[in-house]
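In what follows, a single structure is set out as structure tokens and then discussed.
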Amino acid sequence: MTTDALLIELENVTRVYRMGDVHVHALRGVSFTVRQGEYIAIMGASGSGKSTLMNVIGLLDRPTGGSYRIRGTEVNQLSRGKLADLRNREFGFVFQQFNLLPRISARRQVELPLLYAGIAGRRSREMAEAALVQVGLADRIHHRPDELSGGEQQRVAIARALVNRPSVLLADEPTGALDSKTGAEILDLIEGLHAEGLTVILVTHDPRVAQRAQRLIILRDGQIISDEENGRKAVQWMLGDAHEDH
Amino acid sequence: MKIIRYLQVALESIAAHKLRAMLTMLGIIIGVAAVLTTMGIGRGAAANITQRIESQGTNLLTISPGARREGGLSQGGGTAGTLTMGDVRALQDKSVHPHLEFVVPSYSANARLAAGSQNAQEAVNGVTAEYAIVRNLTVASGRFLEANEVVQQARVVVLGAQLASDLFGNENPIGLTVRINGEPFRVIGVLKKVGGFGPNNPDRQAYVPISVAQGRLFSAPRHRGEYTVNAIYVQVMSQDLMDSSQQQIEATLRLRHNLRADQDNDFWIFNQASLLETAQSISQTMTIFLGAIGAVSLLVGGIGIMNIMLVSVTERTREIGLRKAVGAHDGDILLQFLIEALVLCLFGGVIGVILAYGVAFVFGQMPAVGFKVVIQPDSLVLALGFSLLSGLIFGIYPAMRATQLDPIMALRSE
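So the protein lines, in turn, are chains Y and V.
Its first residue numbered 1, the first sequence is counted upward by one per residue in the working numbering.
Its first residue numbered 1, the second sequence is counted upward by one per residue in the working numbering.
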């Protein structure tokens with residue numbers, strides 16, 4: 001696996017929602033590529049299409065037009081079952097609201113993707129526990145969500161995203177529901193995983209989060225208006241932009 | 001293997017939502033318990049009725065006087081007064097009626113019974129010694145009437161259990177005197193409690209020699225010079241001789257009563273076996289009827305399951321979305337929800353069975369009911385099978401709804 005292998009290719013991707021008679025153009029021709037091992041932040045105001053883009057990349061949503069290839073495979077032609085398999089194998093999801101299942105232990109949460117990967121029994125337990133150790137929750141393996149702090153819950157969610165060794169970690173506002181100190185710890189954890197070779201795509205509206213990424217993509221009205229390596233300049237501009245709004 | 005893992009997921013989910021699971025199961029619990037107890041009550045009642053009928057004597061034919069006709073107008077059953085002691089002797093003739101084991105006449109009337117300061121107005125039965133055998137009566141203390149007492153017109157009386165305690169309380173009445181319409185009678189026996197019901201309840205009756213009843217006690221009317229009787233009880237030697245015996249008795253009585261071919265019988269012959277048959281078919285119908293009511297409640301329970309499962313699908317959109325995001329196929333979600341419905345129904349069914357046994361036990365402890373709820377394995381299989389089936393039928397729709405949920409919408413919902 002070479003580090004600069006092309007992982008994701010989007011070409012003129014559009015996504016149109018029909019809401020009654022109104023057509024909402026969430027994405028209006030988005031093109032970019034992601035190489036193995038990149039750390040990308042996607043920024044934009046709410047309604048800019050960043051969540052839709054995230055869902056399309058994560059195969060939770062299909063593009064209306066354009067082309068989306070994962071490792072050269074055109075996903076538009078894949079069946080629902082194949083898409084489910086790709087989600088399971090290639091992507092790990094982390095959400096703002098953690099999305100843990102109620103009242104089951106951290107280990108069982110982390111075992112969930114393994115259930116659908118057909119991994120069971122001791123192997124599944126060991127993989128889940130290893131993932132929990134990796135995110136620093138060795139002493140929380142048998143705790144249930146209501147016994148964990150917000151930061152710990154997000155760590156469980158990250159362990160769940162990691163456990164099946166995906167190619168890409170897709171994080172949608174992973175620090176949005178956390179205080180700044182805990183949020184920073186979660187970002188440190190994600191960056192540590194990136195340092196070990198994981199491709200990270202992170203959606204945020206927080207410039208301080210975004211500027212830590214190696215590459216910053218800024219969306220506005222469903223289009224990419226900026227895509228640059230080490231996007232500090234763009235962040236400065238966004239910060240200024242945000243000030244003007246207020 | 002997949003099934004076993006999903007079973008674990010289902011159990012986990014049930015354990016995580018105990019209240020919801022309990023509410024879902026409630027319909028099935030009540031449905032299964034209802035089917036089992038209603039069918040059990042039906043069967044218990046049937047067994048009880050059969051046993052009560054059998055307790056009044058098996059292979060028993062009861063002959064009673066029929067309706068007298070005056071100018072083509074029927075005067076109603078029992079008015080004819082045409083059954084006489086002569087008929088009884090004719091039926092007792094073994095050379096003509098070899099299959100009739102016992103032929104027992106009975107002449108009864110209401111009388112005032114008194115012992116000390118206690119009074120009672122009850123039926124006094126004039127019978128012969130074999131009456132106890134024919135009617136399956138057992139003596140609790142003392143003895144029943146004997147043949148020589150009937151011949152000698154002895155003034156002795158045997159009391160039903162309830163009557164004895166009404167007149168004498170806890171005192172042992174054997175050897176004591178009861179006045180019947182003012183005449184003194186010596187108590188020679190008390191019958192065991194039968195637990196009968198209705199106007200012919202043996203527990204409330206007194207038994208005296210028929211010769212005394214027809215003679216000085218009640219002065220029974222005569223027909224062609226013979227004392228009349230209220231009833232003749234005939235015990236036939238075996239069950240399969242019942243019908244032929246009934247025909248022979250009918251022929252003898254018609255001949256003795258000089259009935260022409262175009263005239264109806266002036267007596268009734270009542271067949272205990274056919275009563276039993278009727279009672280059994282009635283209780284079978286009742287059991288089916290009660291079972292059907294129970295089945296309806298099971299159906300309602302199934303719809304309840306569907307309701308709550310549908311609500312829970314909406315409530316669990318986030319969970320379903322997450323499962324899809326981490327790689328669950330449509331089939332995985334379908335299977336999970338279906339297995340959950342089946343597990344809930346099976347649990348509910350088992351709890352329903354336990355509840356039904358509980359109800360049966362409580363029912364059996366109630367003295368007023370007087371019979372047991374009989375839960376048989378076939379109704380167990382039926383009830384559990386039905387609850388699993390309703391889980392399958394009513395679980396499929398919510399499971400399909402869960403499958404069709406859009407994962408993004410599911411994850412977005414707050």
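Glycine included, C-beta positions come from ideal geometry on N, C-alpha and C.
Since the model is a prediction, treat every value here as computed from it, not as a measurement.
Assumed close pair residue i, residue j - CB separation to whole angstroms, cut-off 8 Å
i	j	result
residue 257/Y	residue 216/Y	What is shown of chain Y runs 1 to 246, which leaves residue 257/Y out entirely.
residue 408/V	residue 61/Y	5 Å
residue 46/V	residue 280/V	7 Å
residue 131/Y	residue 159/Y	4 Å
residue 26/Y	residue 15/Y	5 Å
residue 136/Y	residue 155/Y	6 Å
residue 102/V	residue 235/V	4 Å
residue 153/Y	residue 145/Y	6 Å
DSSP-derived helix/strand/coil call for residue i
i	result
residue 227/Y	strand
residue 142/V	strand
residue 366/V	coil
residue 135/V	coil
residue 118/V	strand
residue 243/Y	Only weak support is given to the placement of residue 243/Y: the predicted model assigns it a pLDDT of 49, under 50, and the question is left unresolved by the model.
residue 64/Y	coil
residue 283/V	helix
residue 179/V	strand
residue 376/V	coil
residue 96/V	coil
residue 267/V	strand
residue 124/Y	helix
residue 160/Y	helix
residue 135/Y	coil
residue 99/Y	coil
residue 2/Y	In this prediction, residue 2/Y has a pLDDT of 47, which is less than 50 and means its spatial position is unreliable; nothing more can be read from the coordinates.
residue 148/V	helix
Any C-beta of chain V under 7 Å from that of residue i
i	result
residue 84/Y	yes
residue 55/Y	yes
residue 120/Y	yes
residue 61/Y	yes
residue 20/Y	no
residue 150/Y	no
residue 98/Y	no
residue 88/Y	yes
residue 15/Y	no
residue 81/Y	yes
residue 112/Y	yes
residue 166/Y	no
residue 93/Y	yes
residue 212/Y	no
residue 104/Y	yes
residue 101/Y	yes
residue 39/Y	no
residue 116/Y	yes
Beta carbon proximity, residue i to chain Y, threshold 7 Å
i	result
residue 408/V	yes
residue 326/V	yes
residue 319/V	yes
residue 368/V	no
residue 12/V	yes
residue 413/V	Residue placement at residue 413/V is poorly supported in this model, since its pLDDT is 48, which falls under 50; the coordinates are not used for a value here.
residue 45/V	no
residue 322/V	yes
residue 403/V	no
residue 399/V	no
residue 5/V	yes
residue 16/V	yes
residue 287/V	no
How do the segment 101-117 of chain Y and the segment 177-196 of chain Y stand: do at least 3 beta-carbon pairs fall below 8 Å, yes or no?
no
Could you tell me which whole alpha helix (DSSP H) segments of length 4 or greater appear in the segment 5-85 of chain V?
18-55
Check whether the segment 207-219 of chain V and the segment 161-168 of chain V touch, using three or more Cβ-Cβ pairs below 8 Å as the test.
no
Stretch-stretch touch, CB-based, cutoff 8 Å, three pairs: the segment 347-356 of chain V with the segment 378-388 of chain V
yes
Is the segment 56-65 of chain V touching the segment 266-277 of chain V in the sense that three or more CB pairs, one from each, lie closer than 8 Å?
yes
Which runs of the beta strand (DSSP E), 3 residues or longer, sit entirely within the segment 171-234 of chain Y?
199-204, 215-220 and 223-229
Assess, as a yes-or-no matter, whether the segment 113-130 of chain V is touched by the segment 283-303 of chain V under the definition of 3 or more beta carbon pairs within less than 8 Å.
no
Stretch pair the segment 175-184 of chain V + the segment 240-254 of chain V: three plus CB contacts closer than 8 Å:
no
For the structure I just gave you, are there three or more beta carbon pairs, one from the segment 17-37 of chain V and one from the segment 299-317 of chain V, closer than 8 Å?
yes
So, do the segment 70-78 of chain Y and the segment 2-21 of chain V have three or more beta carbon pairs nearer to each other than 8 Å?
no
For a minimum of 3 consecutive residues, which ranges assigned as the beta strand (DSSP E) are wholly contained in the segment 191-248 of chain V?
206-209 and 231-236
Taking the runs of the alpha helix (DSSP H) that are 4 residues or longer, which of them lie wholly in the segment 301-371 of chain V?
317-325 and 330-365
Suppose only complete runs of 4+ residues qualify. What are the alpha helix (DSSP H) ranges in the segment 13-70 of chain Y, listed by chain order?
50-57
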